[in-house]
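As structure tokens, the structure follows; a few thoughts come after it.
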Amino acid sequence: MALIAGCQTSDISAINSVKNNLLVANEQFQNSANTPLHSIESPEQIFILPEEAKVKLHALMNTHVSVREQTKAVLDFIVSYADDGLIYDNSVTRTASETLQYSKANCLSLSILAYSLAQEVGMEANFQDVHIPEYWTSELNQTWLNGHVNLRLKKHRKIDDGTGISVLINSFIVDFDPYSLKNNFKTTAINQQRIVAMFYNNKAAIAVAENNYAQAYAYYKAAINADATFAVTWSNLGILYRQHHLMDLAEQVYQHSLMLNPDSINTLSNLAYLYQRTGKEELAKALEQKVLKRRVNNPYYYLMLGTEAFAQQNFSKGITFFEKTLELDPDNHEAYFGLAKSYVSLNQLAQAERYLIKAKSHTSTVQDKIQYQRKLSILNQIARVD
1 MALIAGCQTS
11 DISAINSVKN
21 NLLVANEQFQ
31 NSANTPLHSI
41 ESPEQIFILP
51 EEAKVKLHAL
61 MNTHVSVREQ
71 TKAVLDFIVS
81 YADDGLIYDN
91 SVTRTASETL
101 QYSKANCLSL
111 SILAYSLAQE
121 VGMEANFQDV
131 HIPEYWTSEL
141 NQTWLNGHVN
151 LRLKKHRKID
161 DGTGISVLIN
171 SFIVDFDPYS
181 LKNNFKTTAI
191 NQQRIVAMFY
201 NNKAAIAVAE
211 NNYAQAYAYY
221 KAAINADATF
231 AVTWSNLGIL
241 YRQHHLMDLA
251 EQVYQHSLML
261 NPDSINTLSN
271 LAYLYQRTGK
281 EELAKALEQK
291 VLKRRVNNPY
301 YYLMLGTEAF
311 AQQNFSKGIT
321 FFEKTLELDP
331 DNHEAYFGLA
341 KSYVSLNQLA
351 QAERYLIKAK
361 SHTSTVQDKI
371 QYQRKLSILN
381 QIARVD
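Be aware that the sequence shown starts at 1, since it is given in full-length UniProt numbering, and climbs by one per residue.
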């Protein structure tokens, strides 16, 4: 891959050594496969556009000159191609072509699509990793730590001012998450190999949720081959190893992940949990204290705890955590929804309605507002029946 080709020989040897030492569970996961494995999408397949889309895009772009107009045209094209039915879904990771076909995808998939469209019309497109606070979502009885990426689009313009040629660069940020834009988080430029690794990690997460561990392992290996320096992959692989009782391998993989990113709270937390499971209580306690100090002011930490408490039907405990979330982030619509769900479960429907209304008023997306309104309508019907 391009990343390896750009490394020094010693770096290549070190990377290959790590792979040989830590990617050694092929037999275990092959034996656990209960369904045939599907092929891994190649980087080319992730980014390629349908020919029909290219033709339509070029026809649209012929009337736009400035980077602002072209950026807007790219975004308008995504929506129009999807017949105005484009739906943001955090749980769905798709290639550029699949996103156009199915009109439903997460921010990574939408950014991949926007990148491919921009590249097709000659715009310079650069991915950015957005440094959001730790944020978790729950899907299929699994809790996942989320990251976020966006895109910077640039256009070089040559202007003759009479004394020579001046090159001006206009740039715009394309971000499909309004929360990220509103908070103006710090960003770091990342390359295409990192995006491919992120794509494979998302696919692995889906496979894990479906108990298809052999497929998940195949995706993690592909992610490491795409970008062996992406610490998140190693941390996720550590979870997979731990779930399959490969404790020594899990510890080694976590340690390698921390070597790549010593500040990862999530990996420190995963390692602390592993130490608990393997009887290393003192090591676990030291890491847990370190993690808690970093998480104590993060509203999404308490939102995750509230969600977990709700899943365990400990509704009063969940309410406490959701209220703590709102102390730190009064505009968090998910916490209001968590309170509403909890009060429904406690049969306190007036309180539930109150918090559903708040959830609807604090979300910035039309899709969420529609969902909350539907839940309000159902709640009102229940109240009338009672």
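For every residue, glycine included, the Cβ atom is placed at its ideal position computed from N, Cα and C.
Expected contact under 8 Å - CB spacing of residue i and residue j to nearest Å
i	j	result
Ile87	Ser97	Ile87 to Ser97, Cβ: 17 Å. No contact.
Phe176	Thr71	Phe176 to Thr71, Cβ: 13 Å. No contact.
Thr95	Asn212	The pair is not a contact, with the Cβ atoms about 19 Å apart (cut-off 8 Å).
Lys360	Gln381	Their Cβ separation, rounded to whole angstroms, is 17 Å, which puts Lys360 and Gln381 out of contact at 8 Å.
Ala272	Val291	6 Å
Ala25	Leu246	6 Å
Leu287	Leu268	5 Å
Sequence-distant residues of its chain with Cβ nearer than 7 Å to residue i (five each side left out)
i	result
Val74	Ala114, Leu117, Ala118
Asn270	Ser235, Gly238, Ile239, Tyr254
Asn266	Glu134, Leu145, Ser235
Met61	Gln70, Ala73, Val121
Tyr300	Pro133, Glu134, Tyr135, Trp136
Lys203	Thr93, Tyr219
Lys54	Glu120
Asn141	The pLDDT assigned to Asn141 is 47, lower than 50, so where the model puts this residue is not dependable; a value taken from the coordinates is nonetheless given after this. So the list is empty, once near-sequence residues are dropped.
Closest by C-alpha distance to residue i, when choosing among the options
i	options	result
Pro43	Ala272, Asn314, Gly122, Tyr200	Tyr200
Gln348	His362, Pro330, Ser316	Ser316
Leu23	Gln373, Lys324, Ala222	Ala222
Phe29	Asn202, Glu251, Tyr217, Gly306	Tyr217
Asn332	Ser377, Ile357, Asp175, His256	Ile357
Leu339	Phe322, Val55, Leu328	Phe322
Leu240	Asn184, Lys360, Ala205, Glu69	Ala205
Tyr56	Thr187, Leu303, Leu100	For the record, residue 56 in the displayed sequence is Lys; it is not Tyr. Considering only alpha carbons, the answer is Leu100.
Asn242	Ile195, Tyr275, Pro262	Going by the sequence as given, residue 242 is Arg instead of Asn. Of the listed residues, the one whose Cα sits closest to Arg242 is Tyr275.
Leu49	Ile78, His38, Val232, Asn380	Ile78
Lys341	Asn314, His38, Asp329, Tyr273	Asn314
Val130	Thr187, Ala209, Ile378	Thr187
Ser66	Lys375, Gly306, Lys154	Lys154
Thr233	Met304, Asp248, Ser264	Ser264
Lys19	Gln252, Leu305, Ile46, Val366	Gln252
Asn191	Arg277, Ile112, His244	Ile112
Ala231	Gly147, Asp248, Ala209	Gly147
Leu305	Gln289, Lys324, Ser17	Lys324
Residues near residue i in its chain [Cβ-Cβ closer than 6 Å; skip 5 each side]
i	result
Tyr343	Gln351, Ala352
Asn126	Arg152, Ala189
Ser80	none
Ala228	Ile15
Gln215	Leu37, Ala207
residue 441	Residue 441 falls outside the range modelled here, since the chain spans only 1 to 386, and no answer is possible.
Phe185	Val130, His131, Ile132
Cys7	In this prediction, Cys7 scores a pLDDT of 38, lower than 50, which makes its location untrustworthy; the coordinate-derived value is nonetheless stated afterwards. Answer for Cys7: no residue qualifies.
Leu249	Tyr241
Residue i beta carbon near the ligand MN (any heavy atom closer than 8 Å)
i	result
Phe185	The ligand MN is absent from the structure shown, which contains no ligands of any kind.
Exposure of residue i, with buried meaning 16 or more beta-carbon neighbours within 10 Å
i	result
Gly318	buried
Glu27	exposed
Gly122	exposed
Ala59	exposed
Leu346	exposed
Asn225	buried
Glu41	buried
Val149	buried
Ser257	buried
Met259	exposed
Glu334	buried
Ser13	exposed
Val366	exposed
Ala5	Residue placement at Ala5 is poorly supported in this model, since its pLDDT is 29, which falls under 50; the coordinates are not used for a value here.
Contacting residues, own chain, Cβ-Cβ under 8 Å from residue i (five flanking each side not counted)
i	result
residue 436	No answer is possible for residue 436: it lies beyond the span of the chain, which begins at 1 and ends at 386.
Asn298	Pro133, Glu134, Leu328
Lys369	Lys360, Thr363
Ser17	none
ask   = Touch check for the segment 301-310 and the segment 270-281: three-plus C-beta pairs under 8 Å?
value = These segments do not touch.
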